[in-house]
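Here is the structure we will look at, set down as structure tokens.
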Amino acid sequence: MKHSSLFSLLVCLFALPVFAQSDAAEQQVRTAEAAQVKAVLAEDAPTLDKLWSPQMIVNAPDNVVRSKPEVFQAMHAGMLKYSAYEQSIERVSVSQDTVAIMGQEMVKPLTGPNTGKIVQRRFLDIWQRSGTSWRQIARQATIISIK
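Numbering (mature numbering (1 follows the signal peptide of the UniProt record, and there is no 0)), first residue to last: -20 to -1, 1 to 127.
Take a look at the structure:
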């Protein structure tokens, strides 16, 4: 009985740093995610360039897969102008140096066929540790309603 109690205690003690690292990673990525939303809304390309990996790919809501340079082209062409952009994160999953964030978001486009409408989307953002920071490597956003 003593051995099993000691074993359980040791398992818990060794697991604590893993949970702490996971919590820290989640908080860091949540902060990066919020910075990304703010940067998209402000059309802040320098901040987005720092947050996005050079290899980032996006399966965009218009059903086009874009590389990071292609997303910036779309931004400069005025395709990513919003008067509002809000996210509701529903799940965060941390797996070593990769974090997946899933949830729902609302945008109100200033250009295009949905100008002025409220566009609801489901999203998945994938972040990967890069040195001491996190960079987004992939994104999927799917329109679920337009009002």
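Positions of the beta carbon are idealized from the N, C-alpha and C atoms, including for glycine. It should be emphasised that the depicted structure is a prediction, and the values quoted were computed from it without experimental measurement.
Checking the DSSP bridge columns, you'll see S75 partnered with T78. Going by DSSP, P49 is part of no beta strand (DSSP E) but of the alpha helix (DSSP H) stretching over K48 to H56.
Collapsing the DSSP output to three states places A25 in a helix. Here the alpha carbons of S73 and L28 stand approximately 22 Å from one another. I98 is positioned such that its CB atom lies closer than 7 Å to that of K127. With contacts defined by Cβ atoms closer than 7 Å, L31 and Y62 do not form a contacting pair. Contact fails between the region 68 to 82 and the region 40 to 55, because fewer than three Cβ pairs, one in each stretch, are under 8 Å apart. The criterion of a C-beta distance shorter than 7 Å is satisfied by Q67 and V17.
For N39, the enclosing beta strand (DSSP E) stretches over residues W32 to N39. From the listed residues M36, A19 and G111, the smallest Cα separation to A5 is found for G111. Buried is the label assigned to Q116, since at least 16 other Cβ atoms lie within 10 Å of its Cβ.
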